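J.: Residues 1 to 256 in full-length UniProt numbering are what the sequence shown spells out, letter by letter. Please see the structure below; I have some questions.
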Amino acid sequence: MSQPKHQSIWDNFNNTKLIRYVLLFILGWAIVQIVAYFSIDLSELETQLRTQVPSTVGFGLAMLQNIFGNLLDLVIIAVVALFMLLDGKRLWNLLLRIFPIGMRDRVTEVVRKNFLGFFWGRLILSVFFGISIYIVFLFLGVNSPLGLAAIVSVFDLIPGIGATLGVSLVSLIILQQGIALALITLVSCILLQQVQENLLMPKIMQGSIDLNPVIMFFALLVGAKVAGLVGVFLSIPLAGIAIELCGVREMQQDQD
């Protein structure tokens, strides 16, 4: 009586199911062997996580701190500019009290020459740079040429490294349109930047910032170190004012 029952069980366990079970067994055995071959040391993994996570978090916090600091600098610049526009004459007369009466007219002239000349010069150079890059972007067929040119023009207002930062950022944006186009754009922007700095800047800044280029660069470094973005904006005109008031002709630009 047991033989038919045994036969019935074997009939249900047909060849197809047998092959499936065998394949599953082989697959499981292979997975076990692979895992054993690439064995993971959990303690070492835990150590790596404990080491890398704080550094990653620290890097992120430092980046956020830098961004917040730059935004705060921009807010300070905007607030100071607003107060100068609203009540600049009274504030300036208050500051002039620290100088002897005989020097006040000269101090006013020097400050006006250096500050207004510097900022108007930067504005003219930035507008020229933006228009030139816009024309180049149109010629190269870059997407959104006006917006990208505006980004470069705004960055160019920052003395020293502003144009380089703007060109680098725009080149990374254009990179999605193709490596060749991004490289051509980068080279074109660098050439325009050289024309601006070597041909136009000396002519436009002549008579406003009479400083040796080495002194300008040193002033930018000191200003960025001491006061961040605010220092970058104010370092060159402040250096020009100090040197002109002190009469240190050796630090001024050669007029030949």
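Note that the Cβ used here is the ideal one computed from N, Cα and C, for glycine as well. All values derive from a computational prediction rather than experimental measurement.
Do the region 224-241 and the region 114-121 meet, that is, are 3 or more Cβ pairs less than 8 angstroms apart?
T.: yes
J.: Give the range of the alpha helix (DSSP H) segment to which residue 166 is assigned.
T.: By one-based count along the sequence shown, residue 166 stands at place 166. Residue 166 -> alpha helix (DSSP H) spans 162-174.
J.: Would residue 174 and residue 142 qualify as a contact pair, given that the criterion is a beta-carbon distance under 8 angstroms?
T.: As a working mapping, residue 174 is identified with position 174 in the sequence shown. As a working mapping, residue 142 is identified with position 142 in the sequence shown. Residue 174 is a Cβ neighbour of residue 142, given a cutoff of 8 angstroms.
J.: Classify residue 63 as buried or exposed, calling it buried when 16 or more other Cβ atoms lie within 10 Å of its own Cβ.
T.: Taking the first residue of the sequence shown as position 1, residue 63 is located at position 63. Of the other Cβ atoms in all chains shown, fewer than 16 fall within 10 Å of the Cβ of residue 63; this residue is therefore exposed.
J.: Taking Cβ to Cβ, would you say residue 76 is nearer than 8 angstroms to residue 226?
T.: Here the question's residue 76 lines up with position 76 in the sequence shown. Here the question's residue 226 lines up with position 226 in the sequence shown. In this structure, residue 76 lies away from residue 226, with their beta-carbon atoms at least 8 angstroms apart.
J.: Which residues in the same chain have their Cβ closer than 7 angstroms to the Cβ of residue 145, if we skip the five residues on either side of it in sequence?
T.: The sequence position of residue 145 within the sequence shown is 145, counting from 1. Closer than 7 angstroms at the Cβ level, and outside the excluded window around residue 145, lie 134, 137 and 138.
J.: Grab me the residues of residue 244's own chain with a C-beta within less than 6 angstroms of its C-beta, minus the 5 sequence neighbours each way, in chain order.
T.: As a working note, residue 244 is residue 244 in the sequence shown. Closer than 6 angstroms at the Cβ level, and outside the excluded window around residue 244, lie 110.
J.: Candidates 170, 159 and 47: which alpha carbon is nearest residue 150's?
T.: Taking the first residue of the sequence shown as position 1, residue 150 is located at position 150. Ranked by Cα distance from residue 150, the options 170, 159 and 47 are led by 170.
J.: By how many angstroms is the C-alpha of residue 156 removed from the C-alpha of residue 127?
T.: Translated into the one-based positions of the sequence shown, residue 127 becomes position 127. Translated into the one-based positions of the sequence shown, residue 156 becomes position 156. Answer to the nearest angstrom: the Cα atoms are 9 angstroms apart.
J.: Roughly how many angstroms lie between the CA atoms of residue 129 and residue 194, to the nearest whole one?
T.: Mapped onto the sequence shown, residue 129 falls at position 129. Mapped onto the sequence shown, residue 194 falls at position 194. For residue 129 and residue 194, the distance between alpha carbons rounds to 11 angstroms.
J.: If I follow the unbroken alpha helix (DSSP H) through residue 104, where does it start and stop?
T.: The residue given as residue 104 occupies position 104 in the sequence shown. 104-111 is the extent of the alpha helix (DSSP H) around residue 104.
J.: Just mark residue 189 as buried or exposed, buried being the case when its beta carbon has 16 or more other beta carbons within 10 Å.
T.: Stepping through the sequence shown from its first residue, residue 189 is reached at position 189. The residue is buried, with at least 16 neighbouring Cβ atoms inside 10 Å.
J.: Tell me the rounded alpha-carbon separation between residue 148 and residue 183.
T.: Here residue 148 refers to the residue found at position 148 of the sequence shown. Here residue 183 refers to the residue found at position 183 of the sequence shown. Roughly 15 angstroms between the two C-alpha positions.
J.: Does the Cβ of residue 185 have 16 or more other Cβ atoms within 10 Å, making it buried, or fewer, making it exposed?
T.: Indexing the sequence shown from 1 puts residue 185 at position 185. Buried: at least 16 other Cβ atoms inside 10 Å.
J.: If residue 104 sits next to residue 96, beta carbons under 8 angstroms apart, how far is it from one beta carbon to the other, in whole angstroms?
T.: Residue mapping note: residue 104 aligns to position 104 of the sequence shown, counting from 1. Residue mapping note: residue 96 aligns to position 96 of the sequence shown, counting from 1. The Cβ separation is near 5 angstroms, so the contact holds.
J.: Return the CA-CA distance between residue 125 and residue 232, expressed in angstroms with no decimal places.
T.: Locating residue 125 in the sequence shown gives position 125, counting from the first residue. Locating residue 232 in the sequence shown gives position 232, counting from the first residue. Using only the alpha carbons, I get a separation of about 17 angstroms.
J.: For residue 136, report the span of its alpha helix (DSSP H) as first-last.
T.: For the purposes of this step, residue 136 is taken as residue 136 along the sequence shown, with counting starting at 1. Its alpha helix (DSSP H) spans residues 117-140.
J.: Flag this pair as yes or no: are the beta carbons of residue 132 and residue 200 separated by less than 8 angstroms?
T.: To locate residue 132, count along the sequence shown from 1; it is residue 132. To locate residue 200, count along the sequence shown from 1; it is residue 200. Not a contact, by the Cβ cut-off of 8 angstroms.
J.: Put residue 144 into one of helix, strand or coil per three-state DSSP.
T.: If you number the sequence shown from 1, residue 144 lands on position 144. Residue 144: coil per DSSP, three-state reduction.
J.: Nearest to residue 159 by alpha carbon, out of 180, 168 and 224?
T.: Position 159 of the sequence shown, counting from 1, holds the residue named residue 159. The residue from 180, 168 and 224 with its alpha-carbon nearest to that of residue 159 is 224.
J.: Please state whether DSSP places residue 157 in a helix, a strand or coil.
T.: For the purposes of this step, residue 157 is taken as the residue at position 157 of the sequence shown. Three-state result, residue 157: coil.
J.: Which residues mark the beginning and the end of the alpha helix (DSSP H) in which residue 184 is found?
T.: Translated into positions along the sequence shown, residue 184 becomes position 184. Residues 179-195.
J.: Given a cut-off of 8 angstroms on the beta-carbon distance, is the pair residue 166 and residue 187 in contact?
T.: Counting from one through the sequence shown, the residue named residue 166 turns up at place 166. Counting from one through the sequence shown, the residue named residue 187 turns up at place 187. No, the pair does not count as a contact, with Cβ atoms beyond the cut-off.
J.: Under 8 angstroms, do residue 209 and residue 114 count as touching if we go by C-beta distance?
T.: Position 209 of the sequence shown, counted from the start, is the residue given in the question as residue 209. Position 114 of the sequence shown, counted from the start, is the residue given in the question as residue 114. For residue 209 and residue 114, yes; Cβs fall inside 8 angstroms.
J.: At the level of alpha carbons, what is the spacing between residue 108 and residue 98?
T.: For the purposes of this step, residue 108 is taken as residue 108 along the sequence shown, with counting starting at 1. For the purposes of this step, residue 98 is taken as residue 98 along the sequence shown, with counting starting at 1. Computed Cα separation, rounded: 13 angstroms.
J.: Starting from the C-beta of residue 162, find all residues in its chain whose C-beta is less than 8 angstroms away, skip the five residues before and the five after it, and write them out in chain order.
T.: The count along the sequence shown starts at 1 and reaches residue 162 at position 162. These residues qualify, in order along the chain: 155 and 156.
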